[in-house]
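For the sequence shown, my numbering assigns the number 262 to the initial residue and increments by one for each residue that follows.
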Amino acid sequence: MTATSTDPSPSPAVPYGDVLVVSELVRRFGDLTAVDGVSFRIAPGETYGLLGPNGAGKTTTISMISGLISADAGTVTVAGQPMGQNRTDVKRHIGLVPQDLAIYPELTGRENLTFFGRLQGLRGKELASRIETVLDLVGLADRAKDATKEYSGGMKRRLNIGIGLLHRPTLLILDEPTVGVDPQSRNAILESVEALSVEGMAVLYTTHYMEEAERLCDRIAIVDSGRIQAEGTRDELIRLVGGVDRIRLSGSGDTAAAAVTLRSLPAVERVDVDRRQLLLTVHDAPTAVAAVVTSATDAGMSLSDVEITRPNLESVFLHLTGKGLRD
Numbered sequence: 262m263t264a265t266s267t268d269p270s271p272s273p274a275v276p277y278g279d280v281l282v283v284s285e286l287v288r289r290f291g292d293l294t295a296v297d298g299v300s301f302r303i304a305p306g307e308t309y310g311l312l313g314p315n316g317a318g319k320t321t322t323i324s325m326i327s328g329l330i331s332a333d334a335g336t337v338t339v340a341g342q343p344m345g346q347n348r349t350d351v352k353r354h355i356g357l358v359p360q361d362l363a364i365y366p367e368l369t370g371r372e373n374l375t376f377f378g379r380l381q382g383l384r385g386k387e388l389a390s391r392i393e394t395v396l397d398l399v400g401l402a403d404r405a406k407d408a409t410k411e412y413s414g415g416m417k418r419r420l421n422i423g424i425g426l427l428h429r430p431t432l433l434i435l436d437e438p439t440v441g442v443d444p445q446s447r448n449a450i451l452e453s454v455e456a457l458s459v460e461g462m463a464v465l466y467t468t469h470y471m472e473e474a475e476r477l478c479d480r481i482a483i484v485d486s487g488r489i490q491a492e493g494t495r496d497e498l499i500r501l502v503g504g505v506d507r508i509r510l511s512g513s514g515d516t517a518a519a520a521v522t523l524r525s526l527p528a529v530e531r532v533d534v535d536r537r538q539l540l541l542t543v544h545d546a547p548t549a550v551a552a553v554v555t556s557a558t559d560a561g562m563s564l565s566d567v568e569i570t571r572p573n574l575e576s577v578f579l580h581l582t583g584k585g586l587r588d
């Protein structure tokens, strides 16, 4: 499925700044504080990720944002209006795609979209047009007449996303939408989400897959134990762990002379010698590697292998929490 915009109409100007403002949210379940002072903002057209392991408080946070449960403390503002459990007018700005599938298996894909579209207040030609647009966006136009009980897990997930998009929400909330799907369907879902940001929709995306957050999100909050441990762009977060890359050179020859030569390169911060290997700490390894290889070879080292390691969000999470992302 190609991720292209299917709705050419421009996003209307909005009379507010950020689409979503979350301030000091707290939610307790007995003695457990599931969400502990969470705050963040999402601008129009921005995809914002909540990245953390299962049980980190992501789903509880979005349940409060969407008005499904009340907060013990803190506030949520959507499209400039305060959210509450009885604020139906504010909830109309939100498209919520939950982890649990919200579709009727006996109905076809088109019938599911028609049913939910009517619940959202769509009728007639507007509803028919939106259904066609959404089916195309989520790649289900050719299966629209099939009962959804015949869909694969990935197709059901994509239909779930389509239902959340029907009424053109200002804010789309996706709660781990790729859980339990095959790689092909997962990629199709990610392509659909990428297309939404092109159309100017604000997206809140929760996941425990680091690679999804890196691919989709303009900014990312790393969440653990109900708290935001760090927030920023991918590059800003990686700078928390030093922001440097590593190059491992393996081979034979004069490794000592090569180490001396490599230490003089501007991009090289440190060189450690380990038998027949040189371990380099560098800035921007993809740019520096050509000069590194040339210098090591000219200094008398015969290379058998060159390995580049770059820090990622997994490294950041481990640095901040002392545990792996999926622990």
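All C-beta atoms, glycine included, are put in the ideal place defined by N, C-alpha and C.
Fair warning: this is a prediction, and the values are worked out from it, not measured in the lab.
Reference residue i, options the options, closest by Cα
| i | options | result |
| --- | --- | --- |
| methionine 471 | Leu574, Pro444, Val287, Asp361 | Leu574 |
| arginine 537 | Ala528, Ala519, Ser513, Ala549 | Ser513 |
| leucine 312 | Asp485, Leu457, Leu362 | Asp485 |
| glutamine 346 | Lys352, Gly328, Asp333, Ser525 | Gly328 |
| threonine 321 | Thr467, Glu568, Leu539, Asp559 | Thr467 |
| leucine 607 | Leu362, Arg353, Val299 | Residue 607 lies beyond the residue range present for the chain, which begins at 262 and ends at 588; the question has no answer from this structure. |
| serine 511 | Leu401, Leu383, Val534 | Val534 |
| valine 505 | Leu368, Leu541, Val454 | Leu541 |
| glycine 222 | Asp333, Gly291, Arg302 | For residue 222 there is no data in the structure shown, the boundaries of the chain being 262 and 588. |
Own chain, CB closer than 6 Å to residue i, minus 5 neighbours either side, in chain order
| i | result |
| --- | --- |
| threonine 338 | Val282 |
| threonine 294 | Gly487 |
| methionine 462 | Leu433 |
| leucine 388 | Gly378 |
| leucine 569 | Looking at the sequence itself, residue 569 is isoleucine, so the reference to leucine does not match. The residues are Ile508, Ala546. |
Alpha-carbon spacing of residue i relative to residue j, whole angstroms
| i | j | result |
| --- | --- | --- |
| proline 269 | glycine 341 | Confidence at proline 269 is low in this model, with a pLDDT of 36, below 50, so the placement of that residue is unreliable and no value is reported for it. |
| valine 600 | histidine 580 | Limits of the chain in this structure are 262 at one end and 588 at the other, which puts residue 600 out of reach. |
| glutamine 490 | arginine 500 | 14 Å |
| arginine 480 | threonine 308 | 7 Å |
| valine 442 | glycine 414 | 6 Å |
| glycine 385 | threonine 375 | 10 Å |
| threonine 558 | alanine 520 | 11 Å |
| proline 430 | glycine 316 | 27 Å |
| glycine 493 | cysteine 478 | 10 Å |
| asparagine 448 | leucine 426 | 18 Å |
| arginine 289 | arginine 495 | 30 Å |
| isoleucine 450 | leucine 398 | 10 Å |
| aspartate 292 | isoleucine 323 | 21 Å |
Coil, strand or helix - residue i by DSSP
| i | result |
| --- | --- |
| glutamine 381 | coil |
| glycine 415 | helix |
| proline 305 | coil |
| glutamate 367 | coil |
| threonine 409 | helix |
| glutamine 342 | strand |
| leucine 311 | strand |
| threonine 467 | strand |
| leucine 427 | coil |
Own chain, CB closer than 8 Å to residue i, minus 5 neighbours either side, in chain order
| i | result |
| --- | --- |
| isoleucine 364 | Asn373, Thr409, Lys417, Leu420, Asn421, Ile424 |
| valine 577 | Ile483, Ala491, Leu498, Ile499, Leu501, Val502 |
Sequence-distant residues of the same chain with beta carbon closer than 7 Å to residue i, five excluded per side
| i | result |
| --- | --- |
| isoleucine 554 | For clarity, residue 554 is valine in the given sequence; the question names isoleucine instead. Within the same chain, valine 554 has close Cβ partners Leu564, Val567. |
Which residue spans inside the segment 429-459 form an unbroken beta strand (DSSP E) run of at least 3?
-> You should have 432-436.
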